[in-house]
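Each protein sequence line maps, in turn, to chains X and E.
Read in order, the letters of the first sequence are residues 0 to 397 in numbering that gives the first Met the number 0.
Read in order, the letters of the second sequence are residues 0 to 301 in numbering that gives the first Met the number 0.
To start, the structure under review is shown below, and the notes come after it.
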Amino acid sequence: MSTPAPAPARRPLASYVVGRSGLRRPGPDAWRTAGITVLCVLVAMGLAALLVTISGGSPVEVVDALFTGSVSDTAGWSQTLVNAAPLLLVALGACIANRAGVFNIGQEGQLLIGAMVGCFVALRLQGPGWIVVTVALVAAAFGGGAWSGISAAMYYTRGTNVVVSTLLLTFIAAQVVQFAVNSPSLLQESGMGSGPARPQSDAVPEYLRLASFGQYPDLTIGVGVIVAVVATVVLAVLLARSRWGFRLNMLGLNPMAARHAGIRASRLGGSALVLSGAFAGLAGGVILLGTVFRLQPAISNNFGWDGLLVALVARSRPGLALPVAVLFGALRSGSSYLAATGVPDYLVDVVQALLVLAFVVPPVLSALWARRIRNRAPVADTPARPSAAAPAKEEVPV
Amino acid sequence: MWLDDGGTVLASALRLTAPLAFAACGEYLAERAGTLNISVEGMMLSGAFGAVAVGSATGSPTVGLFAGAVVGLLVALVHANLSHRIQINTFVVGLVINTLVLGLTSFLLQTMEFSRTQVGMLRIPGLAEIPLLGVLFEQRWPFYLLLLVVPLTWFLVNRTRWGLELRAVGENPQAADVSGIKVNVRRRQALMWCGLMSGLGGAFLSVGLVGSFNSNMTAGRGFIVIAAVIFGAWRLKGTLLGCFLFGAADALRLALPSLGVELNPQLLVAAPYLLALAVMVLMAKSQREPRALSKPFERGLV
Numbered sequence: 000m001s002t003p004a005p006a007p008a009r010r011p012l013a014s015y016v017v018g019r020s021g022l023r024r025p026g027p028d029a030w031r032t033a034g035i036t037v038l039c040v041l042v043a044m045g046l047a048a049l050l051v052t053i054s055g056g057s058p059v060e061v062v063d064a065l066f067t068g069s070v071s072d073t074a075g076w077s078q079t080l081v082n083a084a085p086l087l088l089v090a091l092g093a094c095i096a097n098r099a100g101v102f103n104i105g106q107e108g109q110l111l112i113g114a115m116v117g118c119f120v121a122l123r124l125q126g127p128g129w130i131v132v133t134v135a136l137v138a139a140a141f142g143g144g145a146w147s148g149i150s151a152a153m154y155y156t157r158g159t160n161v162v163v164s165t166l167l168l169t170f171i172a173a174q175v176v177q178f179a180v181n182s183p184s185l186l187q188e189s190g191m192g193s194g195p196a197r198p199q200s201d202a203v204p205e206y207l208r209l210a211s212f213g214q215y216p217d218l219t220i221g222v223g224v225i226v227a228v229v230a231t232v233v234l235a236v237l238l239a240r241s242r243w244g245f246r247l248n249m250l251g252l253n254p255m256a257a258r259h260a261g262i263r264a265s266r267l268g269g270s271a272l273v274l275s276g277a278f279a280g281l282a283g284g285v286i287l288l289g290t291v292f293r294l295q296p297a298i299s300n301n302f303g304w305d306g307l308l309v310a311l312v313a314r315s316r317p318g319l320a321l322p323v324a325v326l327f328g329a330l331r332s333g334s335s336y337l338a339a340t341g342v343p344d345y346l347v348d349v350v351q352a353l354l355v356l357a358f359v360v361p362p363v364l365s366a367l368w369a370r371r372i373r374n375r376a377p378v379a380d381t382p383a384r385p386s387a388a389a390p391a392k393e394e395v396p397v
Numbered sequence: 000m001w002l003d004d005g006g007t008v009l010a011s012a013l014r015l016t017a018p019l020a021f022a023a024c025g026e027y028l029a030e031r032a033g034t035l036n037i038s039v040e041g042m043m044l045s046g047a048f049g050a051v052a053v054g055s056a057t058g059s060p061t062v063g064l065f066a067g068a069v070v071g072l073l074v075a076l077v078h079a080n081l082s083h084r085i086q087i088n089t090f091v092v093g094l095v096i097n098t099l100v101l102g103l104t105s106f107l108l109q110t111m112e113f114s115r116t117q118v119g120m121l122r123i124p125g126l127a128e129i130p131l132l133g134v135l136f137e138q139r140w141p142f143y144l145l146l147l148v149v150p151l152t153w154f155l156v157n158r159t160r161w162g163l164e165l166r167a168v169g170e171n172p173q174a175a176d177v178s179g180i181k182v183n184v185r186r187r188q189a190l191m192w193c194g195l196m197s198g199l200g201g202a203f204l205s206v207g208l209v210g211s212f213n214s215n216m217t218a219g220r221g222f223i224v225i226a227a228v229i230f231g232a233w234r235l236k237g238t239l240l241g242c243f244l245f246g247a248a249d250a251l252r253l254a255l256p257s258l259g260v261e262l263n264p265q266l267l268v269a270a271p272y273l274l275a276l277a278v279m280v281l282m283a284k285s286q287r288e289p290r291a292l293s294k295p296f297e298r299g300l301v
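Right under this line is the structure:
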């Protein structure tokens with residue numbers, strides 16, 4: 000930072016989206032990692048195919064069903080995008096936290112709290128539709144942010160483990176929502192007609208639901224999708240180009256160096272954690288106002304966990320999280336077509352977990368391999384400073 | 000009347016405590032070695048599934064019980080090698096393993112048929128007649144394995160050279176390393192014990208208590224085990240007390256409606272997590288937590 004570097008040539012916009020190493024010429028490490036990744040994905044797919052075969056199904060039929068349900072026609076694409084939006088939002092939040100080196104795994108709970116707060120606002124606030132919707136979404140983000148803020152406060156004042164506190168808070172969040180939808184004074188539906196009131200909230204009125212463009216057989220794109228995509232672009236640029244993004248990366252890669260450079264870990268890391276919760280909460284608001292329309296204990300439907308997996312596959316890069324979220328969304332929408340093939344739709348969960356492994360393992364293996372090569376080289380040839388064979392560490396910020 | 004109700008609730012509390020206690024023995028040992036193992040949930044679930052699968056295939060629930068422990072061990076092998084050999088973040092590994100096990104067991108459950116398989120009751124004559132406390136002596140027989148496992152875990156950690164090295168690895172891996180202890184080997188071994196015990200706990204839940212397997216059977220019990228270890232401030236006695244408290248809270252939740260007592264069920268479900276969080280905040284500065292907990296070890300400058 001001391002000596003001004005010559006101004007770099009302007010890079011095309013695409014590289015902002017892909018990330019810092021976007022259009023840099025890939026070195027031998029990148030090729031090795033890519034090669035191992037391809038191999039691992041093939042192994043994962045092979046394992047999934049094996050699983051289908053031993054359960055008496057046909058892998059070809061399964062792939063066909065997944066394809067039909069997700070991307071074969073515009074209706075499928077619409078469903079895929081509807082699923083991808085909350086996944087992407089959660090993943091964006093996870094990217095921020097991972098970059099800052101605070102690993103938040105409580106998105107499922109933050110999403111639930113976000114949906115609950117959003118529901119509360121949407122049902123209680125009077126006013127013109129678009130204002131109420133906006134306020135509800137912002138409130139949902141605040142709810143999720145506050146929930147992860149508890150973990151942040153605990154970490155930076157008492158030093159409690161973030162992973163454990165976010166994890167435990169997830170289960171508390173589930174009970175908070177259960178309590179809310181079981182208390183008539185809070186959010187339980189006002190039992191219209193006969194029968195006891197069920198543990199869910201009233202439906203959000205028609206005029207407060209998120210608009211979507213396009214009619215059913217054609218491609219429909221909801222507001223949630225647009226919000227998620229815009230957030231992705233903004234976040235990718237901020238992380239790659241802004242002072243905030245630089246500091247965040249610095250904090251995550253080397254907290255000690257960051258501290259010596261004058262970065263306040265509690266403020267920056269804490270706000271990263273809060274922000275990641277806010278994104279999860281926003282995802283909850285989008286699910287509530289975009290698809291489910293009423294608060295139910297099962298409204299989160301694993302979107303929080305899966306969104307975190309998306310971020311892991313994308314290696315905490317917003318630009319990569321976009322296609323990965325679409326892929327996971329496609330798997331989700333395709334899974335409803337699996338019933339016809341006789342293969343349980345839990346297959347999709349297995350495939351997702353295997354995919355994550357297939358993307359998490361290669362950078363580490365590649366780094367190990369590079370170290371082997373380096374160690375085998377004669378001592379005289381060892382460069383004085385870390386060579387290109389070493390920097391694999393930054394590939395895995397989590 | 001009061002004694003009868005108390006006995007029923009106590010019996011149910013003990014039944015719900017046992018799976019937690021088995022897994023807690025493993026998690027306690029793993030955490031003392033420095034691994035905050037969140038895949039204990041996946042280990043329990045896979046153990047529960049393996050026990051029913053093998054038990055129903057061989058027709059012997061006892062074989063199933065031990066097979067469940069072995070399945071837990073296999074999951075631990077995967078976790079240990081990913082996180083303490085090639086050094087992937089242990090929480091990432093745990094998260095993926097939990098997802099994978101949940102998906103895989105639910106998938107296999109729908110594609111296979113299992114018969115009912117359950118281990119027998121062991122009633123100790125005489126002692127079982129004691130009012131209230133008699134329920135202690137009328138349990139499924141693997142319950143009494145706790146009498147073996149708990150002292151053994153305590154002995155391993157606190158009275159063997161291996162346990163001393165384990166604790167050293169959990170407190171200060173750099174120092175342990177320079178004194179010749181293989182840090183990551185010890186951590187892998189600790190995870191093996193954790194897998195074995197968690198598998199046994201899960202197996203006890205399925206072939207011991209229920210007799211069959213259903214999807215997501217453990218339902219977060221693994222995370223309650225983590226809460227219990229934190230609640231016990233990384234000591235075995237406190238951990239087991241935590242297990243009993245959380246088991247009792249679960250039993251109360253089930254029993255209260257029939258006893259006619261009004262208590263918020265959501266609060267009872269959330270109680271273990273709330274207590275664990277409170278203990279984490281209160282104990283944060285007490286130095287009870289293994290100092291290198293959840294910090295990966297790699298040789299080199301700190």
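Note that beta-carbon positions come from the ideal geometry of N, C-alpha and C, so glycine has one too.
Just so we're clear, the structure is a prediction, and the values are computed from it rather than from any experiment.
Taking the Cβ atoms as the reference, X:Leu50 lies roughly 7 Å from E:Phe106, within the contact range of under 8 Å.
The Cβ atoms of E:Ala189 and E:Thr89 lie no closer than 8 Å to each other.
If you check the CB distance, X:Glu107 and X:Gly303 come in under 8 Å.
Listed in chain order, the non-local C-beta contacts of E:Val148 below 6 Å within the same chain comprise Cys24, local neighbours out to five positions each way being set aside. Closest by C-alpha distance to X:Val359, out of X:Ile35, X:Ser241, X:Glu205, is X:Ile35.
Of the residues assessed, X:Asp344 falls on the buried side of the cut-off, its CB having 16 or more other CB atoms within 10 angstroms.
The Cβ of X:Ala139 sits no closer than 8 Å to any Cβ of chain E. Only residues of its own chain outside the window of five on either side were considered, and among them Gly144, Ser147, Gly148, Ala151 have a CB closer than 7 Å to the CB of X:Val273, listed in chain order. At the C-beta level, E:Ala269 and X:Thr159 stay beyond 8 Å of one another. Among the residues of the region 90-123 of chain E, those with a Cβ less than 7 Å away from any Cβ of chain X are Phe90, Val91, Leu94, Val95, Thr98, Leu99, Leu101, Gly102, Leu103, Ser105, Phe106, Gln109, Thr110, in the order of the chain. Only those residues of the region 150-178 of chain X whose C-beta falls short of 7 Å from the nearest C-beta of chain E are listed: Met153, Arg157, Gly158, Thr159, Asn160, Val162, Val163, Ser164, Leu166, Leu167, Phe170, Ile171, Gln174, Gln177, Phe178. X:Gly268 and X:Ala33 do not touch by the CB rule: their CB atoms are close to 31 Å apart, not below 8 Å. With 16 or more other Cβ atoms from the protein chains shown falling within 10 Å of its own Cβ, E:Gly231 counts as buried. Collapsing the DSSP output to three states places E:Phe296 in coil. X:Asp348 is classed as buried because its beta carbon has at least 16 other beta carbons within 10 Å across all chains shown.
For X:Val350, the CB contacts under 7 Å within the same chain, skipping 5 residues up- and downstream, are Ala47, Leu330 in chain order. In the three-state reduction of the DSSP assignment, X:Ile112 falls in the helix class.
Shown here, E:Glu288 sits in coil according to DSSP, grouped into three states, outside any helix or strand. Nearest neighbour of X:Ser182 by Cα position, chosen from X:Asp201, X:Thr165, X:Ala297, turns out to be X:Asp201. Counting other Cβ atoms within 10 Å of its Cβ, X:Met255 stays below 16 and is therefore classed as exposed. If the five residues before and after X:Ile286 are omitted, its C-beta is found closer than 7 Å to the C-beta atoms of Pro85, Ala114, Ile298, Phe302, all from its own chain and listed in chain order. CA-to-CA, the gap between E:Ala20 and E:Gly221 works out to about 11 Å. Interface criterion not met: the Cβ of E:Met216 is under 8 Å from no Cβ in chain X. In its chain, beyond the 5 residues on either side, Met249, Leu250 have a beta carbon closer than 6 Å to the beta carbon of X:Ala257. When the Cα atoms are used, E:Val74 and E:Asn215 turn out to be separated by approximately 16 Å. The three-state secondary structure of E:Gln86, taken from DSSP, is coil.
Relative to X:Asp63, the option among X:Leu354, X:Ser335, X:Ala352 whose CA is nearest is X:Ser335. In the three-state DSSP reduction, X:Phe212 falls in the strand class (E or B).
Residue environment analysis places X:Ser270 among the buried positions, since at least 16 neighbouring C-beta atoms fall within 10 angstroms of its C-beta. Within the region 222-245 of chain E, Phe222, Ile225, Ala226, Ile229 place their CB atoms closer than 8 Å to a CB of chain X, listed in sequence order. In this structure, the beta-carbon distance from X:Ala179 to X:Glu188 does not fall below 8 Å. Sequence-ordered contacts of the region 329-349 of chain X with chain E read Pro343, Tyr345, Leu346, Asp348, Val349 [C-beta pairs closer than 7 Å]. Among the residues of the region 295-313 of chain X, those with a Cβ less than 8 Å away from any Cβ of chain E are Trp304, Leu307, Leu308, Leu311, in the order of the chain. Apart from sequence neighbours up to five positions away, the residues of its chain that approach X:Val203 with a beta-carbon distance below 8 Å are Cys118, Ala121, Leu122, Leu287, Leu288, Phe292, Arg293, ordered along the chain.
Taking a C-beta cut-off of 8 Å against chain E, the contacting residues of the region 102-119 of chain X are Phe102, Ile104, listed in chain order. Annotation: the region 259-298 of chain X contains the following complete segments of the alpha helix (DSSP H) (minimum length 4 residues), in chain order: 264-286.
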